[in-house]
Structures are given as C-alpha cells and as structure tokens.
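Below is one structure, written out as structure tokens; comments come after it.
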Amino acid sequence: MHSFRALGALAVLGTTVALAGCTAASDGGSAASDRLVIGTTDSTVSLDPAGAWDRGSFTPQNQIYQHLLTYEDGDTTPVPEIAEACDYDSATTYRCSIKPDLTFSNGDELTASDVVFSFQRVLDIAADTGPSPLLANMESVAQDGDDVVFTLAVPNDQTWPSVLTSMAGPIVDEEVFPADALLEDADVIGSGPYAVGSYEDGGLLQLTANASSSGTAPKTAEVVLKPYTSSTNLRLDVENGAVDVAYRSLTATDIEDLKGNSDLQVVDGPGGSVRFLTFNVNTQPGGSAEQKLAIRQAVASLVDRQELADQVYRGTYAPAYSVVLDGQLGATEAFSDVYGAAPDAAKAASILAAAGVSTPVTLPIQYTSDHYGPDSDQEYALIESQLEASGLFSVELQSTEWTSYVTQLSPDSGYPAYQLGFFPDYPDPDNFLRAAYSSTGASVANGYSDPEVDALIDTEATATDQDARAAAIEQLQMVTATDAPIIPLLQGRETVVAAAGVTGLEDTLDATYLFRFGALAK
66 MHSFRALGAL AVLGTTVALA GCTAASDGGS AASDRLVIGT TDSTVSLDPA
116 GAWDRGSFTP QNQIYQHLLT YEDGDTTPVP EIAEACDYDS ATTYRCSIKP
166 DLTFSNGDEL TASDVVFSFQ RVLDIAADTG PSPLLANMES VAQDGDDVVF
216 TLAVPNDQTW PSVLTSMAGP IVDEEVFPAD ALLEDADVIG SGPYAVGSYE
266 DGGLLQLTAN ASSSGTAPKT AEVVLKPYTS STNLRLDVEN GAVDVAYRSL
316 TATDIEDLKG NSDLQVVDGP GGSVRFLTFN VNTQPGGSAE QKLAIRQAVA
366 SLVDRQELAD QVYRGTYAPA YSVVLDGQLG ATEAFSDVYG AAPDAAKAAS
416 ILAAAGVSTP VTLPIQYTSD HYGPDSDQEY ALIESQLEAS GLFSVELQST
466 EWTSYVTQLS PDSGYPAYQL GFFPDYPDPD NFLRAAYSST GASVANGYSD
516 PEVDALIDTE ATATDQDARA AAIEQLQMVT ATDAPIIPLL QGRETVVAAA
566 GVTGLEDTLD ATYLFRFGAL AK
C-alpha cells in the first residue's frame, strides 16, 4: 500500500455527512469466460482483513469481501454496498442499515452482527501488519437491530465514509473467523464476487465466482493470481501467454518495449501513487531554521520532474506538484506556482544567497533500492545529476534495502533527505495531507510541525461545505509548498499489459484505484 501509514486522531469536525439513498450496481449477469491468469510482483501479506495493510493484500481481498460502502466504477464518492444507507444520527454516531437476505459464499447469513464483529475484530487483534490505525476515530461499534452504529471520538468525521471502503472495512463471517487471531488464508470466507478455491502461502491463489454474492456477477468464472519475485519473469510469461494479464509491476523499459507487440495491449489509468523526496527538518544541512528552509526551497527550484518522468519512467509517471493527486478535491500545482514548472538555477542560487548558505551544499540523500520499483536507482541518479549540475549542491547518494531503511526513519536522528512514496488508503485528499504534514498524524518521520498547517488540516477535515473544504485544501498545499518539508516528484499511472483478447481493463483502471478482477474477460 504505502510506505508510511496515514491517520492519527482527527481534530474536531463540523456538521453531518449523509449517503442515504445511494445504491451500488448489481446486475447478476453470467460469466463470459472460464479462466484468467493474472501475474503480479506484489506480495500478499494476508487474506485475512485484520492481518494486512498493503496493496498486494488488498487486491485479492477486494475480490473476496464486500464492504458497507464502496465505489462505483470511476467515481470516488462512497456508495452503499452491503448497506442500504449510511448517515450521521448525531455528530458522533454514524449509522448504517444493512441490506436483507445477504449471504457469505459458504451459505451463512451476513447480518449486522457480522459487521460489528468485523470492525471490532480489527481493533482487538491490532496486528502489526494490519489496518487497525485506520479505525483510530472509532470509539465503539454496536448492533441496533438490522443497523450498525459507530460511535466516533471526533464529531462528524468527513473521512469516515471513505474509511469504511478501505482495508479496515471488509466484512467477515463471525462463524468462521476467530475473534482474537488471524485465520489461515486458505480458509477465509467472504461475500464478494469471488471465493477462495485454493491457496498456498506465497503461491497461486485460485478464485472462483461466488454465485451467492449480492454484487455484479464476475465476467470470468475462475481467476488465478500468480505471484512473481522478478519483473523480468513476469514480462516473459505475459509475452509467451503463460499469464493473460501482468498487473504490477513491470519496468518502464519493459512497458515501452511491449507496446510494440501486436499480441499484447498496454492499458493505463490513474495510479494513485506519489513519489517524493522528504527532508528531515532536524538533521538536514543548514545552520539555522532559515538556512534549512532555503536549502529545501533551492532543491525544489532545481528538480526537473518532466525529465524524471520522460527519461526514467517513459511516461508511466507524470510530474507531481502536490501530494494531492490530479482530479481530487482542491488539487493544485502548488510547487509549480511557488517555484515554477521548470528548474530555475538562478532562483535557487538567490534563495541560498539570501539565507547566507555557502555553496556547494553537501546533501546526503538516501533511497531504497528494493521497495519502490527497479527504476529507483535511475531516478535518484538523475536527481543527483540535476542538483549537482547547478553547482549549488554536492550530493552524497546512498541506497539501502527496505528492511533496514525503514528502521532509520526517525524525526530526531533519521536520514537528512530520503525517498518515500505513498499509495492511498482511500481516494480522499485528507489521506495524503494528514499523512504528509500533520504534527500528530504524519508518518513520514521528518520532524515537521507547523500550527498553521495543523489548523488547516483540521479545517479541511471539518468543513461539510465542499467549497470551503476545497479552499482549505488549496491553502494547505500552498503553505506546505513554501515550507517544502516534502518535495513531490511524480504521480503514477497504473499500467497493465495483457493479451490482446482480454477485455474490461478500461472499466477497472480508474480513480478509485480498485482493480476489479470481475470486470475482466477473454
């Protein structure tokens, strides 16, 4: 999912949020093809929703389970899935009424009791690799007849409907799942479009169409998810037809090469990920707060995002001028507005001179060689070249494997400047902004804290008026671009390579970031 984990306690929110009357699509159609093989380099930590908070696990989980709320294709407004309606009863109570006659794939009834069990279980187990932090605002959850009532610590949480769509929200069968321990992956039961046919830890996952699901019937009766440890092997198998779909992650070079193969199709859509350079405001170079700010601003003035996108990622990433993605509420290109879209060495030199910073500045930059894809080496070598070409910086570039890298991220003693990336828990700008900039809820471990920024985060999280919320998000982006504790570099496209006969890819590569196996056929 993401390299740092979003969500601390939200600050006081405003008025109510309602989703009453929304309904998810359901057509009960028939399977159009028999079997589809999908290859991926993502690893699955757990098929039990209480045990995983990563994208490699959520992709198969999203085929197996349903949520109270979900997203219709291409629309980032939460709508009911197993709920008939959800709304605020009061500032701190959020009620969802459950649809009647729902069943799990094993025939057990799905009721409000299962919903309560599912959410409480995530908190009770609190697995180190699990999504319990996403439920930080949930004080309690209780059954009221056919309804489920959430009591929230913070009034009128604008993000709560989105949280219900996230990895913390899959509904499990209380007759099957233990309340205080994770269930073996091969034994999980859900109510989604697919059920687990067979699975061996780390191996092939066979999914079969779940005829009892209340959602749209999948177009393919059986899907096999095949894991790969090497993108090279994944490329070979999609070329020779051993897999029908290569979903995450081929290299940019591979994708570019495969565009010329008439037996294959290359389809892309919104990716949801952001790559950025983070400064530890405590350990970065600079003899004073003013000098540290100047160094960050100078780097922001020198980075050539378009060159990174073109030369390293061959168009599979686009320049990012904010951590809020294009198309989201209040999204701006704040870094472009403050520093310009193109690198400006003269501006960078002026900023450093005004703060009395001697040049060249020695700048250690750390990146991870194995966590953000095989092109990170090229990406950070090019950043080093861009900064040093100005004559203003001398970069000390080092790489570290993720298992060691993540242990060194500390506000007090961590890397001076370092690579991070983010994939959202749900498509709402608060998920990005809070994780990146909040003094209490951020997870980038860079020591950044600003009362004005915290106040703006509180405002955007509380405003029920969308125009007011957008205005706060816009202002927040401008303030943080000026401070530049994080320099957004690139936003990803989700690129899938598939056999020419596979259909439905365009229907599932959208701004919800949910890859729906059931939309695919051949």
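When we follow our numbering, the leftmost residue of the sequence shown carries the number 66, and every step to the right adds one.
Just so you know, even glycine gets a beta-carbon here, dropped at the ideal spot from N, CA and C.
- Distance between residue 266 and residue 299, taken at the CA atoms: about 19 Å.
- For residue 203, no alpha helix (DSSP H) run applies; the uninterrupted beta strand (DSSP E) run containing it begins and ends at 203-209, by DSSP.
- Taking the Cα of residue 411 as reference, the smallest distance to any Cα among 452, 379 and 436 is reached at 452.
- The Cβ atoms of residue 121 and residue 135 lie no closer than 8 Å to each other.
- By alpha-carbon distance to residue 496, the top candidate from 209, 172 and 231 is 231.
- Excluding five sequence positions before and after residue 541, the CB atoms of its chain that fall closer than 7 Å to its own CB belong to 498, 518, 521, 522 and 525, given in chain order.
- Annotation for residue 166: no alpha helix (DSSP H) segment contains it, and DSSP assigns it neither H nor E.
- Between the stretch 328-346 and the stretch 554-567, the count of Cβ pairs shorter than 8 Å is three or higher; the stretches touch.
- Per DSSP, residue 559 is one residue of the beta strand (DSSP E) stretching across 551-564.
- Take the alpha-carbon of residue 552 and the one of residue 502: they are about 12 Å apart.
- Pairing residue 390 with residue 383, the inter-Cα distance amounts to about 11 Å.
- Check the Cα spacing between residue 155 and each of 220, 368 and 295: the tightest is with 220.
- For the beta strand (DSSP E) assignment, the uninterrupted runs of no fewer than 3 residues enclosed by the stretch 206-260 are, from N- to C-terminal side, 212-217.
- The stretch 370-386 and the stretch 486-493 do not touch, with fewer than 3 CB-CB distances between them shorter than 8 Å.
- For residue 357, the enclosing alpha helix (DSSP H) begins and ends at 354-367.
- Sequence-distant partners of residue 216 (beyond 5 residues in either direction) whose C-beta falls short of 7 Å from its own C-beta, in its chain, are 157, 158, 204 and 205.
- Taking each of 543, 117, 178 and 113 in turn and checking the Cα distance to residue 386, the smallest one comes out for 543.
- In the structure shown, residue 276 falls within a coil segment according to DSSP collapsed to helix, strand and coil.
- If only uninterrupted beta strand (DSSP E) runs of at least 3 residues are considered, those enclosed by the stretch 465-533 are 482-487.
- Residue burial is scored here from C-beta neighbours: residue 115 has at least 16 other C-beta atoms within 10 angstroms and is therefore classed as buried.
- In this structure, DSSP gives residue 423 a state outside helix and strand, which the three-state scheme calls coil.
- When Cβ pairs closer than 8 Å are counted between the two stretches, the stretch 574-585 is seen not to touch the stretch 422-440, the count staying below three.
- Secondary structure remark: continuous alpha helix (DSSP H) runs of at least 4 residues inside the stretch 294-354, in chain order: 296-305 and 317-323.
- Ranked by Cα distance from residue 107, the first of 511, 315, 573 and 444 is 315.
- Residues 414, 417, 456, 457 and 458 of the same chain have their beta carbon placed closer than 8 Å to that of residue 424, with the five preceding and five following residues left out of the count.
- Judged by beta-carbon spacing, residue 235 lies within the 8 Å limit of residue 130, meaning their Cβ atoms are closer than that value.
- Contact between residue 133 and residue 229 holds: CB atoms are separated by about 5 Å, below the 8 Å threshold.
- Taken in chain order, the complete alpha helix (DSSP H) segments of 4 or more residues contained in the stretch 98-139 are 120-129.
- Remark: C-beta atoms of residue 181 and residue 150 do not approach each other more closely than 8 Å.
- Using a Cβ distance threshold of 8 Å, residue 183 and residue 275 do not count as a contacting pair.
- Beta-carbon to beta-carbon, residue 112 and residue 253 are separated by about 5 Å, close enough to satisfy the 8 Å threshold.
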